[in-house]
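Chains as they are written, first to last, in my numbering: chain A, 556 to 911; chain B, 556 to 911; chain C, 556 to 911; chain D, 556 to 911.
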């Protein structure tokens with residue numbers, strides 16, 4: 556051992572190769588093994604990164620005392636079993652989104668990690684892109700003022716997934732970003748979900764989520780597998796500035812607009828009618844901060860290593876993954892009630908999270 | 556009289572001057588008078604079009620036997636009284652959107668016009684733009700196949716209206732276009748409305764409408780007064796093609812995408828599991844039909860004259876305006892129920908409409 | 556007379572109605588007459604602005620002692636005769652671009668105005684748009700640093716003019732803007748013009764101008780009547796910042812990029828080889844200044860009135876118009892020499908101009 | 556040996572790894588060796604593709620009878636020596652653009668390959684992108700009609716190269732594409748080059764090329780290392796249609812516009828004045844053909860293998876590379892003459908090329 560974190564990748568499908576490549580390139584981690592039931596697949600991934608031990612046997616990975624941690628990139632329905640076993644074996648864990656396939660299972664994973672004093676990190680990759688990190692900074696610094704609304708659109712002609720609907724496939728991106736960027740995390744008070752399955756595939760292919768937030772703002776997500784054009788765009792409106800993130804415009808991903816509506820504070824005594832409030836419009840400059848071009852997953856790997864080393868919660872901890880699950884669960888409840896709002900009691904950010 | 560339709564403009568505020576200008580330029584109409592309580596305002600509008608009789612007295616207009624019709628461009632809350640009086644005076648009527656300020660009043664107007672055998676036309680101006688006319692043709696001809704979804708976004712930094720919320724201000728555009736373009740009109744089975752008033756203005760400044768349609772498709776509208784950027788974009792997804800209307804891209808307002816998901820028809824016997832259905836993806840060409848650049852309001856005026864002359868319903872008749880009102884009313888009901896879906900029984904297109 | 560400048564519009568074709576409308580709306584001018592050989596055309600323009608005296612007789616306009624000035628919007632080949640007559644009659648003159656149809660005639664007009672102590676203003680309308688005024692300010696304030704290059708593209712499917720080629724039709728816009736924005740005016744040392752007439756219309760329909768400037772920068776213009784898409788874009792590169800003006804993007808017409816190449820100053824002694832110079836790259840923020848939406852021609856009219864009142868050169872004086880003509884004349888010389896560079900000795904900005 | 560073409564990669568710098576990766580993935584080629592003076596660099600490239608023989612000794616590669624061909628990705632100034640040696644050793648050769656650092660050396664390479672009966676292919680990678688292949692098809696099929704003009708812009712904040720100017724660095728892309736797409740190849744009759752070095756780097760950082768073509772059309776190229784924004788756009792105007800290739804718009808890279816100017820054919824007898832010709836405008840539909848997303852370099856490798864197997868010229872043969880060099884050489888001549896047009900006698904496409 557060389558002071559680096561020894562990490563095994565579990566799952567060599569779509570995302571595993573990216574994890575393996577970034578672990579291999581990391582100075583803080585050591586790619587200790589690649590594990591997949593399909594040993595040939597594991598071997599191909601190992602070859603592509605210049606070689607690494609491979610195995611089809613998860614137990615041998617968990618039993619290996621030289622392995623400190625696992626990065627799990629298997630289908631969501633298998634997360635709970637694998638992660639619980641890994642935690643019980645004393646391994647730190649990073650899990651691909653979504654954290655689990657139900658809120659209940661996710662909650663159990665978070666509790667177990669806490670009991671064992673182990674790091675459980677959600678691999679919310681987008682949160683580590685230069686654009687989203689900048690968004691978080693802008694919100695935290697008060698640059699936008701109070702948040703008024705968040706609107707996210709993520710649509711594309713997408714692969715219809717065999718086992719999950721469009722909410723579970725795409726919305727975790729939007730929800731985890733909102734959770735990361737908003738000062739108190741994603742504190743929805745209810746969720747109204749509207750889904751549509753016009754091709755009769757057995758699951759929603761088009762989805763809308765409306766979520767009043769505790770702070771009084773409205774959050775909304777539109778996800779869609781049937782759009783012929785691709786849009787990945789989030790707007791965060793604030794009292795002072797409004798931010799637009801257009802992820803498909805590499806020349807100007809982030810724009811901060813000093814444009815908006817100002818309502819002069821008027822005392823109730825002098826102006827009992829809110830309509831009399833003095834409304835004015837700002838039409839100020841636009842500013843597009845420079846962003847480095849950097850692969851987010853390398854920052855994910857760094858954060859995982861740092862949170863283990865510093866014995867602290869990750870910036871996208873299991874608790875964050877759990878808040879995403881609770882929204883998805885509430886959305887399923889709303890869908891079952893034909894779109895009626897489903898109440899939600901989001902746990903506040905933990906002290907450990909705030910400190911991260 | 557010269558065979559032209561003699562039309563008086565009622566209301567010389569924001570929209571009246573446009574009506575006056577187009578009536579003046581029309582070969583089928585004659586601008587017979589401009590009527591406004593503020594006679595100076597009426598006079599300014601008359602001057603700008605090279606002169607026309609002006610009056611502040613609506614009764615004198617309605618009493619004038621040489622006047623065949625009125626075009627009403629007053630605030631929505633006054634539509635009912637003015638239109639009922641005009642119909643009772645035997646005048647054909649064209650009304651600015653929305654038709655009335657409640658569905659009930661709108662219904663009364665529609666009934667009265669029918670009883671009197673007079674034309675009642677909704678001035679749904681957007682429906683007469685070359686882009687929307689083309690959209691209607693494409694849908695009607697089966698070019699898109701069956702409709703799967705309709706998604707409309709109309710956001711901008713907009714004037715916060717003193718008397719109406721963002722739904723009543725902006726959504727009539729989207730709803731009237733959907734009603735015009737969809738084969739059976741806008742046949743929503745329920746409406747879920749999510750509004751937000753983060754600036755505490757006393758009314759929704761951000762709004763979302765989710766509307767399952769009778770045909771099985773989902774319609775959705777996003778209207779917003781607080782967006783720093785301007786978007787006017789409607790997507791109509793079909794089984795064969797998907798259409799995107801981007802009204803702010805004059806170089807390519809309309810794009811028809813031969814891209815989508817194909818699901819092979821599989822009999823229940825051989826494939827009881829819908830998931831086993833054979834899914835494939837089309838990634839075909841895009842086609843952008845040429846559109847003339849023409850002012851929609853001149854076509855509105857022509858249609859009004861033609862429907863009077865031919866004693867037929869207008870292409871955007873009172874019944875169409877009424878369907879828009881019924882959605883807005885249902886939206887208000889949903890808003891009052893914190894976003895719960897509000898059921899809706901839309902009347903079918905009348906025979907007179909279908910013939911138009 | 557009411558202290559306003561009494562201005563007659565000469566020419567009621569394409570541009571004259573705009574002049575008439577803005578003169579009528581101005582507080583500093585009085586629309587004194589509209590003169591056109593086609594008296595009916597003059598009358599239609601007068602009607603559209605609420606009435607004005609009309610005449611087909613230029614001499615009567617020039618003889619009228621109550622008329623202080625004329626705004627000339629006739630074909631370019633008639634400018635010289637009309638303007639000389641107006642100056643000789645003691646009238647101040649504003650002329651549509653181009654100032655004249657040859658440099659020689661333009662020079663005579665400029666001399667005559669100077670001799671008579673009258674204002675001769677070039678109606679370089681673009682220079683009075685909020686975007687171009689801002690560009691001038693940014694350059695003047697040193698925000699961009701030293702100017703390195705100017706590249707302008709103005710292409711569209713355009714009307715093929717009967718009497719002028721694409722250089723004379725479109726390039727005056729680009730050249731007058733460059734002249735207005737660059738600190739010393741457009742000081743080209745030579746012009747290379749490359750034209751093409753692939754449809755055999757008898758004149759260039761596609762044109763390129765390359766102009767080394769005295770300051771060491773390169774200016775380039777691309778004008779084209781045969782492009783199916785429309786582009787109006789000017790880039791001004793500086794040592795500190797680079798500015799992009801995209802006139803067809805109303806949401807962000809002007810962008811100022813803090814991006815570029817920095818070359819460390821190295822003394823010749825220590826680094827005789829320029830290749831050894833220390834090159835680094837800046838990838839800073841982008842900034843899009845807010846611009847009002849305002850009609851440029853009203854500012855043109857104001858400037859005309861102000862320069863007469865203050866007895867000073869206009870910001871776009873006859874001398875500016877003359878510099879544009881001298882480039883167009885040199886371009887014609889280069890075209891005749893199959894693109895060989897045609898030398899040019901641009902007069903410096905006059906003191907009167909600098910003071911404007 | 557397994558029937559595949561055994562290819563050694565010469566040069567493991569910027570482009571070599573891409574060649575190695577695509578040769579390794581090819582079914583028609585075998586990656587036989589990687590050769591670089593810096594053996595460590597060669598080894599790293601070999602590792603990244605799963606291993607391959609490496610050497611620092613070019614002679615041993617050329618002497619190896621099992622090696623059929625070499626792919627050269629070394630600096631341009633070394634191409635001539637390496638390629639001549641390879642041809643003399645009986646190897647087929649593919650060379651990164653530009654073919655050589657002067658036209659004369661390139662011509663010698665082409666002659667030698669012909670004498671030896673070996674394939675000499677220019678790796679004009681862009682020509683094998685789906686977009687450019689489609690462009691070639693559209694032109695060849697007559698879809699565009701006769702070509703009227705070609706305008707290419709390739710600008711970006713680019714690395715200032717130590718040994719070549721912006722013409723030699725970037726224009727080979729535009730020129731090789733034009734040569735590939737135009738029916739007779741790039742048949743310029745002269746070249747006017749305008750360069751600018753405003754930062755005093757010792758070479759042009761901004762460049763313009765104007766090239767009248769034999770067919771009567773005008774070709775123009777704008778290359779620029781100092782632009783803060785990135786544009787890669789080529790327009791090919793024809794009498795029937797005009798094509799726009801916007802390589803940075805993945806959603807619609809290629810647009811074919813049925814827009815343009817039509818000039819009715821008029822006999823000289825009836826209309827001696829060309830101005831009297833009957834001009835009309837087409838404003839038809841736009842069509843964006845679907846394009847696969849595929850790596851061009853894999854098609855390059857296939858074409859190399861196919862041309863060797865079929866003993867024929869490559870679609871981008873040495874002769875094509877030579878035509879690019881002749882334009883660059885002429886451009887250097889024009890630059891030295893301050894932009895005066897430099898005449899050029901382009902050899903016609905060879906029969907072997909036409910057959911390819």
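Even for Gly, the Cβ is constructed at its ideal location relative to N, Cα and C.
Beta-carbon neighbours of residue i, restricted to chain A and to distances below 8 Å
| i | result |
| --- | --- |
| residue 784/D | 806 |
Of the listed residues the options, nearest to residue i (C-alpha basis)
| i | options | result |
| --- | --- | --- |
| residue 708/D | 611/D, 791/D, 858/D and 878/D | 791/D |
| residue 644/A | 861/A, 673/A, 798/A and 911/A | 673/A |
| residue 690/D | 810/D, 594/D and 620/D | 810/D |
| residue 592/D | 731/D, 619/D and 564/D | 564/D |
| residue 702/C | 753/D, 796/D and 784/D | 753/D |
| residue 860/A | 868/A, 583/A and 558/A | 583/A |
| residue 914/B | 835/B, 683/B, 783/B and 721/B | There is no way to answer for residue 914/B, as the model of chain B reaches only from 556 to 911. |
Residue i vs residue j beta-carbon contact at 8 Å
| i | j | result |
| --- | --- | --- |
| residue 580/A | residue 589/A | no |
| residue 607/A | residue 574/A | no |
| residue 765/C | residue 569/D | no |
| residue 661/C | residue 655/C | yes |
| residue 776/C | residue 710/C | no |
| residue 812/B | residue 796/B | yes |
| residue 617/A | residue 597/A | no |
Environment of residue i [buried if 16+ CB atoms lie within 10 Å]
| i | result |
| --- | --- |
| residue 894/D | buried |
| residue 611/D | exposed |
| residue 824/C | Note that residue 824/C scores a pLDDT of 48, beneath 50, so its modelled location is shaky; the value from the coordinates is reported in the next line. By the 10 Å Cβ count, residue 824/C comes out exposed. |
| residue 827/B | Here residue 827/B scores only 45 on pLDDT, less than 50, and its place in the model should not be relied on; the value that follows carries that caveat. Per the 10 Å Cβ criterion, exposed. |
| residue 863/A | buried |
| residue 898/C | exposed |
| residue 908/C | buried |
| residue 758/D | buried |
| residue 866/A | exposed |
| residue 903/C | exposed |
Chain-ordered chain A contacts of residue i [CB-CB under 7 Å]
| i | result |
| --- | --- |
| residue 602/D | 605 |
| residue 797/B | 783 |
Inter-residue CB distance, residue i and residue j (contact presumed, cutoff 8 Å)
| i | j | result |
| --- | --- | --- |
| residue 815/A | residue 837/A | 5 Å |
| residue 639/C | residue 676/C | About 16 Å; that fails the 8 Å criterion. |
| residue 659/D | residue 627/D | About 18 Å; that fails the 8 Å criterion. |
| residue 622/D | residue 687/D | At roughly 30 Å, the Cβ-Cβ gap does not stay under 8 Å, so residue 622/D and residue 687/D are not in contact. |
| residue 723/C | residue 630/C | Their Cβ separation, rounded to whole angstroms, is 11 Å, which puts residue 723/C and residue 630/C out of contact at 8 Å. |
Proximal residues of chain B, C-beta to C-beta of residue i below 7 Å
| i | result |
| --- | --- |
| residue 765/A | 749, 763 and 894 |
Partners in chain A for residue i, counting only beta-carbon separations shorter than 9 Å
| i | result |
| --- | --- |
| residue 719/B | Simply none; closest approach about 11 Å. |
| residue 842/C | 840, 841, 842 and 843 |
Cross-chain neighbours of residue i in chain C, by beta carbon under 9 Å
| i | result |
| --- | --- |
| residue 868/A | Ordered by position in chain C, no residue passes the 9 Å Cβ test against residue 868/A, which lies about 32 Å from the chain. |
Interface residues of chain D facing residue i [CB-CB closer than 7 Å]
| i | result |
| --- | --- |
| residue 715/C | 816 and 834 |
Contact list for residue i against chain B, beta-carbon separation under 9 Å
| i | result |
| --- | --- |
| residue 772/A | 751 and 753 |
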